[in-house]
Amino acid sequence: MPTTTWNRHHILSLADFTSAEYNAVLQTAASFQEVLSRRTKKVPTLQGQVVANLFFEPSTRTRSSFEIAAKRLSADTLNFAAATSSMTKGETILDTAKTYLAMGTDIMVIRHKDAGVPQAIAQEMDRLGVKVSVLNAGDGQHEHPSQGLLDLFTISSLIDSAQPRIELLAGKKIAIVGDILHSRVARSNIWSLIASGAEVHLAAPPTLLPKFFAEYLGATENSQRLFTHWQLEPALENADFVMTLRLQKERMTAHLLPSLREYHQLFGITRTKLKLCKPNVKVLHPGPVNRGVEISSDLMDDPEFSLIQSQVTSGVAVRMALLYFIGSGKVSGI
Amino acid sequence: MPTTTWNRHHILSLADFTSAEYNAVLQTAASFQEVLSRRTKKVPTLQGQVVANLFFEPSTRTRSSFEIAAKRLSADTLNFAAATSSMTKGETILDTAKTYLAMGTDIMVIRHKDAGVPQAIAQEMDRLGVKVSVLNAGDGQHEHPSQGLLDLFTISSLIDSAQPRIELLAGKKIAIVGDILHSRVARSNIWSLIASGAEVHLAAPPTLLPKFFAEYLGATENSQRLFTHWQLEPALENADFVMTLRLQKERMTAHLLPSLREYHQLFGITRTKLKLCKPNVKVLHPGPVNRGVEISSDLMDDPEFSLIQSQVTSGVAVRMALLYFIGSGKVSGI
Amino acid sequence: MPTTTWNRHHILSLADFTSAEYNAVLQTAASFQEVLSRRTKKVPTLQGQVVANLFFEPSTRTRSSFEIAAKRLSADTLNFAAATSSMTKGETILDTAKTYLAMGTDIMVIRHKDAGVPQAIAQEMDRLGVKVSVLNAGDGQHEHPSQGLLDLFTISSLIDSAQPRIELLAGKKIAIVGDILHSRVARSNIWSLIASGAEVHLAAPPTLLPKFFAEYLGATENSQRLFTHWQLEPALENADFVMTLRLQKERMTAHLLPSLREYHQLFGITRTKLKLCKPNVKVLHPGPVNRGVEISSDLMDDPEFSLIQSQVTSGVAVRMALLYFIGSGKVSGI
Numbered sequence: 178m179p180t181t182t183w184n185r186h187h188i189l190s191l192a193d194f195t196s197a198e199y200n201a202v203l204q205t206a207a208s209f210q211e212v213l214s215r216r217t218k219k220v221p222t223l224q225g226q227v228v229a230n231l232f233f234e235p236s237t238r239t240r241s242s243f244e245i246a247a248k249r250l251s252a253d254t255l256n257f258a259a260a261t262s263s264m265t266k267g268e269t270i271l272d273t274a275k276t277y278l279a280m281g282t283d284i285m286v287i288r289h290k291d292a293g294v295p296q297a298i299a300q301e302m303d304r305l306g307v308k309v310s311v312l313n314a315g316d317g318q319h320e321h322p323s324q325g326l327l328d329l330f331t332i333s334s335l336i337d338s339a340q341p342r343i344e345l346l347a348g349k350k351i352a353i354v355g356d357i358l359h360s361r362v363a364r365s366n367i368w369s370l371i372a373s374g375a376e377v378h379l380a381a382p383p384t385l386l387p388k389f390f391a392e393y394l395g396a397t398e399n400s401q402r403l404f405t406h407w408q409l410e411p412a413l414e415n416a417d418f419v420m421t422l423r424l425q426k427e428r429m430t431a432h433l434l435p436s437l438r439e440y441h442q443l444f445g446i447t448r449t450k451l452k453l454c455k456p457n458v459k460v461l462h463p464g465p466v467n468r469g470v471e472i473s474s475d476l477m478d479d480p481e482f483s484l485i486q487s488q489v490t491s492g493v494a495v496r497m498a499l500l501y502f503i504g505s506g507k508v509s510g511i
Numbered sequence: 178m179p180t181t182t183w184n185r186h187h188i189l190s191l192a193d194f195t196s197a198e199y200n201a202v203l204q205t206a207a208s209f210q211e212v213l214s215r216r217t218k219k220v221p222t223l224q225g226q227v228v229a230n231l232f233f234e235p236s237t238r239t240r241s242s243f244e245i246a247a248k249r250l251s252a253d254t255l256n257f258a259a260a261t262s263s264m265t266k267g268e269t270i271l272d273t274a275k276t277y278l279a280m281g282t283d284i285m286v287i288r289h290k291d292a293g294v295p296q297a298i299a300q301e302m303d304r305l306g307v308k309v310s311v312l313n314a315g316d317g318q319h320e321h322p323s324q325g326l327l328d329l330f331t332i333s334s335l336i337d338s339a340q341p342r343i344e345l346l347a348g349k350k351i352a353i354v355g356d357i358l359h360s361r362v363a364r365s366n367i368w369s370l371i372a373s374g375a376e377v378h379l380a381a382p383p384t385l386l387p388k389f390f391a392e393y394l395g396a397t398e399n400s401q402r403l404f405t406h407w408q409l410e411p412a413l414e415n416a417d418f419v420m421t422l423r424l425q426k427e428r429m430t431a432h433l434l435p436s437l438r439e440y441h442q443l444f445g446i447t448r449t450k451l452k453l454c455k456p457n458v459k460v461l462h463p464g465p466v467n468r469g470v471e472i473s474s475d476l477m478d479d480p481e482f483s484l485i486q487s488q489v490t491s492g493v494a495v496r497m498a499l500l501y502f503i504g505s506g507k508v509s510g511i
Numbered sequence: 178m179p180t181t182t183w184n185r186h187h188i189l190s191l192a193d194f195t196s197a198e199y200n201a202v203l204q205t206a207a208s209f210q211e212v213l214s215r216r217t218k219k220v221p222t223l224q225g226q227v228v229a230n231l232f233f234e235p236s237t238r239t240r241s242s243f244e245i246a247a248k249r250l251s252a253d254t255l256n257f258a259a260a261t262s263s264m265t266k267g268e269t270i271l272d273t274a275k276t277y278l279a280m281g282t283d284i285m286v287i288r289h290k291d292a293g294v295p296q297a298i299a300q301e302m303d304r305l306g307v308k309v310s311v312l313n314a315g316d317g318q319h320e321h322p323s324q325g326l327l328d329l330f331t332i333s334s335l336i337d338s339a340q341p342r343i344e345l346l347a348g349k350k351i352a353i354v355g356d357i358l359h360s361r362v363a364r365s366n367i368w369s370l371i372a373s374g375a376e377v378h379l380a381a382p383p384t385l386l387p388k389f390f391a392e393y394l395g396a397t398e399n400s401q402r403l404f405t406h407w408q409l410e411p412a413l414e415n416a417d418f419v420m421t422l423r424l425q426k427e428r429m430t431a432h433l434l435p436s437l438r439e440y441h442q443l444f445g446i447t448r449t450k451l452k453l454c455k456p457n458v459k460v461l462h463p464g465p466v467n468r469g470v471e472i473s474s475d476l477m478d479d480p481e482f483s484l485i486q487s488q489v490t491s492g493v494a495v496r497m498a499l500l501y502f503i504g505s506g507k508v509s510g511i
């Protein structure tokens, strides 16, 4: 186990993550990945602690991943789903969070359709001087840090499974393809990939990657490693990894897309298009996949190219690492 | 730990609670409150027992509180929500309860929109001669005993945190403000506060505290300690504690209330109105709060006056005590 | 504990169950029934394993039974309900299953409104070469093997509680009454009862037991022990056990039934009709019961005749046995 001290109390965004933090997560996730391969996959680290999954926006997949991660660490879990909650009774979100605080919750895993909600709750917890940690499980179009970290872990442990570290990505060309504009996954990935020294190429139709967005991104100090394209091909050329993003079908009805078929023709990933990339290119997708839209159905199931299943598995190990850090507040032997 | 023997098998109502029972709950909850402040907050008391939360009426808050309480005692929990259940398939409530009995449930925590359902289930269990205990988590406009007990614990442990006991409330003036007519919380609180020797002042508009209700209450032997008011001020004068009740917004559409704004003006608790009370008055609310209706928003967040967060925390300790009593059937060392 | 080796990896259907397998389940369920009568009802068998209840079709009753069974074996459980899942986001069922696989699920308990879904998922798991087991918790009108096994356990342990075994049913006359055509429970029961050497008499109105169905069944090698009737009486005559099936009320609106009252008059089980059976006849029903339709209300509650509660209890023990076999892959001391 690494011996770094972990100081971050809440995990809300990757925008200000340090290399040391990235590496602490990657190395600890690798340790947990090893635990998960044993017959008994539980460790007693968070015994007696309560992890509350406050999912104001429903997501079975992400909620299950956090729930398994928490249970592997022997925590007790509580699930809150907005639909059946007192949210419908007019209670504010901060009041809901404070209720779970008062019940003895140690870690709140929060998903909300609006950007900034996890941060607002974290600020309120800090203002109250309590030790509860907040983990952003996706807020609007802002960030989805655990997804960014599990993608980073998936890629870096593919390169060196024993010692995954952010430096392994330096100089790699990584394409991010799809609805960049509305994607919190893209944002979290951009932060971690830029920090790793990779070269990041965004590709999307203009409606999903508007000029102002490109300019905003280009204006940063990272402009020399971040590129935007309104066509797929230049992003794919010699790419080491291709990250596809989920396409919300409602984008089409909002007239941002002509048709799913045309989208697939122009920006969908297929075997033919992958020939532009490096020979051993790998494809990622945060799931759930619209088969035949973002990615062709056969490619998705081909373990030679697809890292999709590996991402889901990484998700549990990375979330165990995150819960471990903010739950125990220190890095010492598992 | 107290050495009293606990004989009550089901917890359905506070109407016939004895002082000894109130004090057993208060003292045991205090012990559990202490357990909850430790790093490892679990005790093995109910290991292997199954606590089923049968919530025919949804309530995330109360269900989570019971779920945490059960898990702290190492019980296994099952959640049943009417919406997704075979209730929609025409099964009767008693049949549902008997199914959970047959599966091996040890304690049933039951909420239902109709008064009397938990009692009917408890009677059926007794008729069948089984050891299952029923805990009423709110039935229609009848009672919500664990809420009454947690309010009692909140108040009495504020006065003496080491030894909370019902006698500490003797002679205190306590105002209960709001929709008395439809409130199961008010009914449970009236029983426990009268039993404690407190002076209870109910305040509400006539539509929410009709004459027949006042006469019904006034006709009891408790008439000398129970007072009803159609105005707020006489209830607040020199009050030690003010209990506000949740206002169901549907009361307004049922023409029982003119408008929320007018309600707040007449019966909402504000800093100004609190000046009528004792200087160190405290305010309670069972939650979820309609901010700016039953209570002004700033007052709710002011720890000098508000006990709302403390009530939620007390809820877990009190529910642990109740599950402990009916689950283990005896009072001996935790 | 029996010393047989268990080789079946998935439990999808009873059609090809061997006598040795039936008896292994019955004897192991009897051992677990004994565990359930102890004060501490848990065994550590599946500690650290994850049992995911993937209920694409909702069922609180069956899901709770599996959840209790898994928790008694110390497994961690995950509940997935289609309504709140990414199914609504267009993900395929196989992709959902593969996501739960990738998260580290050890056993998938699957219910779906379409026949064949659990089998399709099991085949996919085998194709992928992974060790995950699939347990069919009801698929369309196909099978509900754990229900068939719990009915077998209920009957055989009534005859010999210490050593329930399939041979005990040889020569018994068992009537299955109701909506045979649409019932997965009937199909699973037919397989197990025929295998036991019992004489099985199906009784239903022609719309719910059409000629082609009778001919299909009659054409098998079991024709000499399987009989179909369009009237109730010949099925009941001298019967040892009467299995009633749940009637879906939508059958009536689909014009397959005249009225519930007429159905009850012709095929509903009452005390009077039971006089045709053996004196100590017992009645079963998989639940939830439409009181006064499939069975008269007073009969359902009469422990002299009704095995309904006993079936629910058996369900937990039988499901523990099934999870134990496919979770541990061997039969050795609990």
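Chains as they are written, first to last, in this note's numbering: chain A, 178 to 511; chain B, 178 to 511; chain C, 178 to 511. Cβ coordinates follow ideal geometry from the N, Cα and C atoms, glycine included.
Three-state class that DSSP yields for residue i in the structure shown
{"i": "A:F232", "result": "strand"}
{"i": "C:I357", "result": "coil"}
{"i": "A:S251", "result": "coil"}
{"i": "B:T261", "result": "Interpretation of B:T261 is limited by its pLDDT of 48, a score under 50 that renders its predicted location unreliable; the figure taken from the coordinates is listed afterwards. Looking at B:T261 - three-state DSSP - the assignment turns out to be helix."}
{"i": "C:H186", "result": "coil"}
{"i": "A:T282", "result": "coil"}
{"i": "A:R342", "result": "coil"}
{"i": "C:K350", "result": "strand"}
{"i": "C:F502", "result": "helix"}
CB contact check: residue i to chain A, cutoff 8 Å
{"i": "B:Q210", "result": "no"}
{"i": "B:I245", "result": "yes"}
{"i": "B:Q486", "result": "yes"}
Contacts around residue i, its chain only, beta-carbon distance under 6 Å, and the 5 residues preceding and following it disregarded
{"i": "A:Y277", "result": "A229"}
{"i": "A:S473", "result": "T447"}
{"i": "B:W368", "result": "L191, A192"}
{"i": "A:F257", "result": "L231"}
{"i": "B:A165", "result": "No statement about residue 165 of chain B is possible, as the shown extent of chain B runs from 178 to 511 and does not include it."}
Proximity test, Cβ basis, 8 Å: residue i and chain C
{"i": "B:S263", "result": "Below a pLDDT of 50, predicted positions are generally treated as unreliable, and B:S263, at 46, falls in that range; the measurement from the model is reported next regardless. B:S263 counts as touching chain C."}
{"i": "B:F257", "result": "yes"}
{"i": "B:D253", "result": "yes"}
Close Cβ partners of residue i (< 7 Å) along its chain, the five nearest in sequence each way excluded
{"i": "B:L476", "result": "I446, T447, R448, V460, F482, S483"}
Residue burial classification, residue i (beta-carbon count within 10 angstroms, cutoff 16)
{"i": "A:I166", "result": "Outside the modelled stretch of chain A, which goes from 178 to 511, sits residue 166 of chain A, for which no answer is possible."}
{"i": "A:S196", "result": "exposed"}
{"i": "C:Q442", "result": "exposed"}
{"i": "B:A347", "result": "exposed"}
{"i": "C:G510", "result": "Reliability fails at C:G510, whose pLDDT of 39 lies under 50, so the model's placement of it is uncertain and no value is given."}
{"i": "C:P341", "result": "buried"}
{"i": "B:H432", "result": "exposed"}
{"i": "B:Q324", "result": "buried"}
Neighbour flag for residue i against chain B, beta carbons, 8 Å
{"i": "C:T447", "result": "no"}
{"i": "C:V493", "result": "yes"}
{"i": "C:G315", "result": "no"}
Near the ligand NAP: residue i beta-carbon under 7 Å from a heavy atom
{"i": "C:G469", "result": "Within the structure as shown, the ligand NAP is missing, as the structure has no ligands at all."}
Q: Only counting runs of 4 or more residues, tell me where the alpha helix (DSSP H) segments fall wholly within the segment 422–498 of chain C, in order along the chain.
A: Unbroken alpha helix (DSSP H) stretches of 4 residues or longer found wholly inside the segment 422–498 of chain C: 427–430, 437–444, 448–451, 474–477, given in chain order.
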